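Colleague: Using the numbering used here, the letters of the sequence shown map in sequence onto residues 98 to 346.
A virtual CB, placed ideally from N, CA and C, is assigned to each residue, including glycine.
Everything numeric in this text was worked out from a predicted model, so none of it was measured.
Got a structure for you, written out below as structure tokens; questions coming shortly.
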Amino acid sequence: MTERWMIRLALVATMLLGSAAALAAEGTAKLLQAGNDLGDRASLQRGAQLYMNYCSSCHALKYLRYSRMAADLGLTEEEVMNNLNFTGSAVGDPVPVAMPKEEAEKWFGKMPPDLSLISRVRGPDWVYTYLKSFYLDSNRPLGWNNTVFPNASMPNPLWQMQGMQHAVLGKPEAPGLDPPVLALELRAPGNVDAAQYDQSVRDITNFLAYAGEPAALKRQKLGVWVVLFLAFLTFLLYLVKKEYWKDVH
98 MTERWMIRLA
108 LVATMLLGSA
118 AALAAEGTAK
128 LLQAGNDLGD
138 RASLQRGAQL
148 YMNYCSSCHA
158 LKYLRYSRMA
168 ADLGLTEEEV
178 MNNLNFTGSA
188 VGDPVPVAMP
198 KEEAEKWFGK
208 MPPDLSLISR
218 VRGPDWVYTY
228 LKSFYLDSNR
238 PLGWNNTVFP
248 NASMPNPLWQ
258 MQGMQHAVLG
268 KPEAPGLDPP
278 VLALELRAPG
288 NVDAAQYDQS
298 VRDITNFLAY
308 AGEPAALKRQ
318 KLGVWVVLFL
328 AFLTFLLYLV
338 KKEYWKDVH
């Protein structure tokens, strides 16, 4: 084995170990079922509105353009630009982050990540559970923590809707370790009830699943016609086979 290949293998091993360490550092909370449906256009429209109002100030969607959103979600370009565009961007532009970079670094230490592919990387269930797992933690710089992503550097963007969750802590597994979070209790309700909040989180998750792969909408529609075509083709081939073999039998 050449020295070059040994260096490449070492780099791959380092990357794998780094990924494993990052995963190990995350929470072990059981993921909830998002139950998102890309065919639910009303949910996608609500999710787009909620995302733009509560998430776009910190997180961009650089792979999704306003014009594409309008076409896919059954909205006019005027509706999108008047109701979902808070940055003065053009209709053909990708969805940018509203917060200036300097302000983001001041508040969070770095620019919050783009969320275009978060649903494809993490999965819809992770996104859904993450948005339901914030709790107050006075030990964190911004006063919030998350059971799915411990020590997340962001507050709960939906706290006004959900309310204030507090952690029910257990006994530390060993001296010096943080106590485990056994459960979350909602001690100060938000401005919507639990069912409405669950639906709102599901709508945002649904929208982010769409944003990660807008072509999935067309693929689902085409899939029905492909299945029907294959069924018809199978029937035709069966008739051909029957006609071909009738003299043999």
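Taking only runs that begin and end inside the segment 124-190, name each unbroken beta strand (DSSP E) of 3 or more residues, in chain order.
Modeller: As far as the segment 124-190 is concerned, its whole beta strand (DSSP E) runs of at least 3 residues are 158-162.
Colleague: In the DSSP assignment, what are the bridge partners of residue 282?
Modeller: Along the sequence shown, read from residue 1 onward, the residue named residue 282 stands at position 185. DSSP, once it has assigned bridges, lists 263 as partnering residue 282.
Colleague: Would you list the one or two residues that DSSP bridges to residue 192?
Modeller: Locating residue 192 in the sequence shown gives position 95, where the first residue counts as 1. According to DSSP, which records beta bridges pairwise, residue 192 is partnered with 158.
Colleague: How would you write the range of the alpha helix (DSSP H) that residue 253 sits in, first residue to last?
Modeller: Mapped onto the sequence shown, residue 253 falls at position 156. Per DSSP, residue 253 belongs to no alpha helix (DSSP H) and is neither H nor E.
Colleague: Should residue 117 go down as buried or exposed, given a rule of 16 or more other Cβ atoms within 10 Å for buried?
Modeller: Locating residue 117 in the sequence shown gives position 20, where the first residue counts as 1. Caution applies to residue 117, whose pLDDT of 39 falls short of 50 and renders its modelled position unreliable; the value that the coordinates give is listed next. So residue 117 ends up on the exposed side.
Colleague: Rounded to whole angstroms, how far is the Cβ of residue 278 from the Cβ of residue 244, which I believe are closer than 8 Å?
Modeller: Counted from its first residue, the sequence shown places residue 278 at position 181. Counted from its first residue, the sequence shown places residue 244 at position 147. That belief holds up - the Cβ atoms of residue 278 and residue 244 are roughly 5 Å apart, short of 8 Å.
Colleague: Which residues bound the beta strand (DSSP E) around residue 231?
Modeller: Position 134 of the sequence shown, counted from the first residue, corresponds to residue 231. Looking at the DSSP string, the run of the beta strand (DSSP E) that includes residue 231 is 231-233.
Colleague: First and last residue of the beta strand (DSSP E) that includes residue 242?
Modeller: Numbered from 1 along the sequence shown, position 145 holds the residue referred to as residue 242. Residue 242 -> beta strand (DSSP E) spans 241-243.
Colleague: Under a Cβ-count criterion, where at least 16 other Cβ atoms within 10 Å of its own Cβ denotes burial, should residue 302 be classed as buried or exposed?
Modeller: Translated into the one-based positions of the sequence shown, residue 302 becomes position 205. Buried.
Colleague: Determine the burial state of residue 288: buried for a count of at least 16 other Cβ atoms within 10 Å of its Cβ, exposed for fewer.
Modeller: Looking up residue 288 in the sequence shown gives position 191. Residue 288 should be labelled exposed.
Colleague: Along the chain, where does the alpha helix (DSSP H) containing residue 309 start, and where does it finish?
Modeller: As a first step, residue 309 is located in the sequence shown; it is residue number 212 there, counting from the start. Its alpha helix (DSSP H) spans residues 291-309.
Colleague: Is the beta carbon of residue 258 less than 8 Å from the beta carbon of residue 294?
Modeller: Your numbering for residue 258 matches position 161 in the sequence shown. Your numbering for residue 294 matches position 197 in the sequence shown. Cβ atoms of residue 258 and residue 294: closer than 8 Å.
Colleague: Can you look up residue 340 in the DSSP assignment and give me helix, strand or coil?
Modeller: Working through the sequence shown from its first residue, we reach residue 340 at position 243. DSSP places residue 340 in helix when its eight states are reduced to three.
Colleague: For residue 275, which of helix, strand or coil comes out of DSSP?
Modeller: Along the sequence shown, read from residue 1 onward, the residue named residue 275 stands at position 178. Of the three classes helix, strand and coil, the one that applies to residue 275 here is coil, per DSSP.
Colleague: Would you kindly work out how many angstroms separate the C-alpha atoms of residue 313 and residue 323, rounded to a whole number?
Modeller: Here residue 313 corresponds to residue number 216 of the sequence shown, with the count starting at 1. Here residue 323 corresponds to residue number 226 of the sequence shown, with the count starting at 1. Between residue 313 and residue 323, the C-alpha separation is close to 15 Å.
Colleague: Would you report the Cα separation of residue 144 and residue 207, rounded to the nearest angstrom?
Modeller: For the purposes of this step, residue 144 is identified with residue 47 of the sequence shown, where counting begins at 1. For the purposes of this step, residue 207 is identified with residue 110 of the sequence shown, where counting begins at 1. Spanning the two alpha carbons is a distance of roughly 26 Å.
Colleague: Can you look up residue 201 in the DSSP assignment and give me helix, strand or coil?
Modeller: By 1-based counting over the sequence shown, the position of residue 201 is 104. It is helical.
Colleague: Tell me which residues share the same chain as residue 130 and place their Cβ nearer than 7 Å to its Cβ, disregarding the 5 neighbours each side in the sequence.
Modeller: Working through the sequence shown from its first residue, we reach residue 130 at position 33. For residue 130, where only same-chain residues beyond five positions count, the Cβ hits under 7 Å are 222.
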